[in-house]
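So the structure is just underneath, and the comments pick up after that.
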Amino acid sequence: EAGVAQSPRYKIIEKRQSVAFWCNPISGHATLYWYQQILGQGPKLLIQFQNNGVVDDSQLPKDRFSAERLKGVDSTLKIQPAKLEDSAVYLCASSLDGEDRVADTQYFGPGTRLTVL
Amino acid sequence: AQRVTQPEKLLSVFKGAPVELKCNYSYSGSPELFWYVQYSRQRLQLLLRHISRESIKGFTADLNKGETSFHLKKPFAQEEDSAMYYCALMTGANNLFFGTGTRLTVIP
């Protein structure tokens, strides 16, 4: 079974520029998550989708971050404009979304390392 | 508000020695806790979850509600255990709230 795919793996931009990340979840997984992991910290959830609907985006800085999952499969996360503090690894994860949410494992992608200069 | 505390950023033990990675949590609801691990150049992956009461790669973790802890233990550390370990609390709709992580180094 192919894992969660993310691209690009690395991105360097200057502040105030725009950037987009792409994620393709494991086939058949209904739930998709985007996390931000700043150096020295644990991953922090930005947004959760179930199919093509948003379940939780309470931690997403909506003035500059946006995300979509139009067809309920792959997803893009965009930052516009980027700030220095957005430098982080952006992780995508997916889960099957079975009946038992505790037993429903989140599978993580390799992440995209963003550097904002 | 929820909180997950991993007090040790770095932990070094000798091969064959016992290892304990500490995790304390604060949560108003019924806690559901997990340990995730990231080996060098690999993806973050689930190690174990408290509800399963399982032992994975020799690791166990017991949820202590009185002490609000979920420490990860292994009686005999191996070199391949060297990795970054994250304790995580499940909140809301399958959302994970992670601690800051502990980097374990097993010295040969």
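Order-wise, the sequence lines are chains A and B.
Taking this note's numbering, the leading residue of the first sequence gets 5, the next gets one more, and so forth.
Taking this note's numbering, the leading residue of the second sequence gets 989, the next gets one more, and so forth.
Virtual Cβ for every residue (Gly too), placed ideally from N, Cα, C.
Since this is a predicted model, take the numbers as computed values, not measurements.
CB contact flag (residue i, residue j, <8 angstroms)
| i | j | result |
| --- | --- | --- |
| Phe112 of chain A | Leu95 of chain A | yes |
| Cys27 of chain A | Asp78 of chain A | yes |
| Leu1032 of chain B | Phe1022 of chain B | no |
| Lys1003 of chain B | Glu1068 of chain B | no |
| Arg68 of chain A | Gln54 of chain A | no |
| Cys1011 of chain B | Phe1058 of chain B | yes |
| Thr80 of chain A | Ala86 of chain A | no |
| Glu996 of chain B | Thr1090 of chain B | yes |
| Ser98 of chain A | Leu50 of chain A | no |
| Phe25 of chain A | Thr116 of chain A | yes |
| Pro114 of chain A | Arg20 of chain A | no |
| Ile42 of chain A | Ala92 of chain A | yes |
Beta bridge counterpart(s) of residue i as assigned by DSSP
| i | result |
| --- | --- |
| Ile51 of chain A | A:Trp38 |
| Asp60 of chain A | A:Gln52 |
| Ser31 of chain A | Beta-bridge pairing links Ser31 of chain A to no other residue. |
| Lys15 of chain A | A:Leu118 |
| Leu95 of chain A | A:Tyr39 |
Closest Cα partner of residue i within the set the options
| i | options | result |
| --- | --- | --- |
| Asn1083 of chain B | A:Ala92, A:Gln110, A:Asp90 | A:Gln110 |
| Ala6 of chain A | A:His33, A:Leu121, A:Lys75 | A:His33 |
| Thr1041 of chain B | B:Gly1017, B:Leu1060, B:Tyr1027 | Rather than Thr, the amino acid found at residue 1041 of chain B in this sequence is Arg. It is B:Leu1060 whose Cα lies nearest to the Cα of Arg1041 of chain B. |
| Phe1086 of chain B | A:Leu74, A:Gln40, A:Gly76 | A:Gln40 |
| Lys1045 of chain B | B:Leu1051, B:Lys1062, B:Glu1055 | B:Lys1062 |
| Tyr1013 of chain B | B:Val1094, B:Ile1095, B:Cys1075 | B:Cys1075 |
| Val1025 of chain B | A:Gly46, A:Gln63, A:Ile42 | A:Gly46 |
| Gln63 of chain A | A:Gly76, A:Asp108, A:Lys48, A:Gly57 | A:Lys48 |
| Thr1079 of chain B | A:Gln52, A:Leu88, A:Gly57 | A:Gln52 |
Closer than 7 angstroms: residue i CB and nearest the ligand GDP heavy atom
| i | result |
| --- | --- |
| Ala34 of chain A | This structure does not include the ligand GDP; it has no bound ligands of any sort. |
Limits of the unbroken beta strand (DSSP E) element including residue i
| i | result |
| --- | --- |
| Arg991 of chain B | 991-993 |
| Leu121 of chain A | It is not in any beta strand (DSSP E) - Leu121 of chain A carries neither H nor E in the DSSP assignment. |
| Lys1062 of chain B | 1060-1062 |
| Gln1026 of chain B | 1021-1026 |
So if I threshold CB-CB distances at 9 angstroms, which residues from the region 38-56 of chain A count as touching chain B?
Tyr39, Gln41, Gly44, Gln45, Gly46, Pro47, Lys48, Leu49, Gln52, Gln54
At a Cβ cut of 8 angstroms, what residues of the region 1074-1090 of chain B count as close to chain A, listed as they run along the chain?
Tyr1074, Ala1076, Met1078, Gly1080, Ala1081, Asn1082, Asn1083, Leu1084, Phe1085, Phe1086, Gly1087, Thr1088, Gly1089
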